[in-house]
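In short: position in the sequence shown from 1, add 1, done, that's the working numbering.
Only one structure is covered here, and it is reproduced in the block below.
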Amino acid sequence: MATLRYSCVHVHATCVRANLNVEQFIDEIYMLQHTLRIWGNEFLVMPDVSNWEVSSPTFEMVPDRSLRRHPKGRPQSTRIRNDMDVRETGEPKLCTMCRTSRHNRSRCPHRVYVSGQSSRNAGLQDDE
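Here it is, written out as structure tokens:
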């Protein structure tokens, strides 16, 4: 905070120990006298809002619909895609468990079922 010339406790302690004048290291705006001078002025009371004069705008304000949030549906990704994200044409998607095509992890014939797993998922495997 030395570049802002802001009053810090360690500056005061160091100046007292070295018998230096603290005020030479602190900007005037942070001094108590300056703060009291600012707050010593009288603040005018705002008139009642109902008495304010409101002029009609010379133009019609129309909201920009493109800036609205789209709360329905799946959220849109804000990720910036690059060459690494592009799949080569002709390469099919592979199952993440057995690395073969034509099915995914949830439909993998090599999937191991743990006891207590939903019978609904197990039943789907039997149907195939």
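We put the beta carbon where it would ideally sit given N, CA and C, even for glycine.
Am I right that residue i and residue j are in contact with their C-beta atoms under 8 Å? What's the rounded C-beta distance?
i          : j           : result
residue 98 : residue 112 : 6 Å
Whole angstroms is fine: what's the gap from residue i's alpha carbon to residue j's?
i          : j          : result
residue 78 : residue 70 : 13 Å
residue 73 : residue 56 : 38 Å
residue 42 : residue 34 : 13 Å
residue 52 : residue 29 : 40 Å
residue 17 : residue 23 : 8 Å
residue 9  : residue 27 : 9 Å
I'd like the span of the alpha helix (DSSP H) that includes residue i, first residue to last.
i          : result
residue 40 : 33-41
Does DSSP put residue i in a helix, a strand or coil?
i           : result
residue 30  : helix
residue 20  : coil
residue 25  : helix
residue 84  : helix
residue 46  : coil
residue 52  : helix
residue 63  : coil
residue 13  : helix
residue 107 : helix
Compare the C-beta of residue i with all C-beta atoms of chain C and state if any pair is closer than 8 Å.
i          : result
residue 53 : In summary, chain C is missing from the structure at hand, where a single protein chain is found.
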